[in-house]
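Residue numbers (our numbering): 35 to 409.
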Ligand SMILES: NC(=O)c1ccc[n+]([C@@H]2O[C@H](COP(=O)([O-])OP(=O)(O)OC[C@H]3O[C@@H](n4cnc5c(N)ncnc54)[C@H](O)[C@@H]3O)[C@@H](O)[C@H]2O)c1
């Protein structure tokens, strides 16, 4: 349980301790389950919630009960920021509104912790980058996919140079009919809310690619289905380092998982990640390294730990107690990483709409770098 906070607006900036003052906007499923309950549980000595805000009054009151906190609740974001003056603002609203809260949050003096996708179009992206520069505040983007043990292992193997310089990547992601169908039911089903599955869902995958390849995307060409958030997408990406990527996302597969193949100058790294089958006693994620004209090696990762293989908890540790845990695999992500991941999806969407390739540097003021700058 968080320490008591003075609810009186005039006293809002003072708390009963030196704990980091957190506020959240968007108190839905992700807000409460990933950034509410476990944060209070894991970091009660370091942080406390001073404000919760949602446009839905019922949701924000329910969130307060679920979190078991005594802080003030709001349906007016400006009022919360003025009264409570949080150190950090957690943004977990629907995707198309992230920009509004990230920018205002920084203008009110808070650093930002935002869920993916960073934002949903190139204009909002530029506005956020400009506001971060102007305010001097910092944005952390919570790419939890980087933290699962097997994806971390892929990063480690690629950086160890076991397959040499990467020349191309084949990456195919499958959502099964239950998981896939979910994206066509709630608010995500509308492009105006989610920016399409290329932004809402695939920005996770594009971030993994940017991180694994360690370069920035330069040019994108894509095909998609006639459903305007797309249920099948094929994307070609050329990186500034000249790496070529063939990516696809299928939202109606009989099974859930993905296949990825990194083709390098000295060999190849393959991974086929799929859900545990009923007949399997143990479930491991396997990778195969095949060196050119040489041997094969199998790498097995035990993925049984909870919360994405323990990744969720390590992400929270990076966000709330960074000094206590180094960043060996460069998993912490800032605004540039956030921008680059959603810009691939935005460029792909624009390419499907126009039938033409799209250059990232034509969308925002960032010039893609052959070696990915961290942050
Ligand atoms: N990293 C991940 O794996 C992951 C998983 C799920 C969701 N997410 C992201 O988390 C965010 C929230 O998703 P969710 O599944 O919790 O959705 P949700 O619908 O459960 O919650 C969203 C909340 O935002 C509120 N809201 C909507 N518009 C608002 C506005 N203009 N101002 C203030 N509040 C507003 C809604 O009332 C709702 O309570 C999304 O950006 C989503 O993409 C990330």
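Here a beta-carbon is modelled for each residue, glycine too, at the ideal position from N, C-alpha and C.
Assigned exposure category for residue i - 16 Cβ within 10 Å defines buried
| i | result |
| --- | --- |
| residue 73 | buried |
| residue 116 | exposed |
| residue 164 | exposed |
| residue 158 | buried |
| residue 55 | buried |
| residue 408 | exposed |
| residue 309 | exposed |
| residue 82 | buried |
| residue 389 | exposed |
| residue 182 | buried |
According to DSSP, residues forming a beta bridge with residue i
| i | result |
| --- | --- |
| residue 321 | 305, 333 |
| residue 268 | 257, 282 |
| residue 291 | 208, 308 |
| residue 350 | Per DSSP, none; premise fails for residue 350. |
| residue 87 | 59, 108 |
| residue 202 | 278, 297 |
| residue 117 | Answer is none; residue 117 lacks a bridge partner. |
Near ligand 3: residue i beta-carbon under 7 Å from a heavy atom
| i | result |
| --- | --- |
| residue 98 | With respect to ligand 3, the structure shown offers nothing to examine, as its ligands consist of ligand 1. |
Residue i in three-state terms, based on DSSP
| i | result |
| --- | --- |
| residue 391 | coil |
| residue 126 | coil |
| residue 383 | helix |
| residue 151 | coil |
| residue 396 | helix |
| residue 227 | helix |
| residue 375 | helix |
| residue 296 | strand |
| residue 146 | strand |
| residue 103 | coil |
| residue 273 | strand |
| residue 356 | helix |
| residue 251 | strand |
Given 8 Å as the limit, is there contact between the region 289-306 and the region 194-206, that is, 3 or more CB pairs closer than that? yes
_Any 3 or more C-beta pairs closer than 8 Å across the region 101-113 and the region 83-92_ = yes
_Three or more C-beta pairs under 8 Å: does that hold for the region 231-251 against the region 356-374?_
yes
Quick one: which unbroken alpha helix (DSSP H) runs of 4-plus residues sit fully inside the region 160-200? Chain order, please. 183-193
Q.
Three or more C-beta pairs under 8 Å: does that hold for the region 343-353 against the region 171-181?
A. yes
With a cut-off of 8 Å, do at least 3 Cβ pairs link the region 253-264 to the region 377-393? yes
Segment contact, 8 Å Cβ cut-off, at least three pairs: the region 127-145 with the region 59-78
yes
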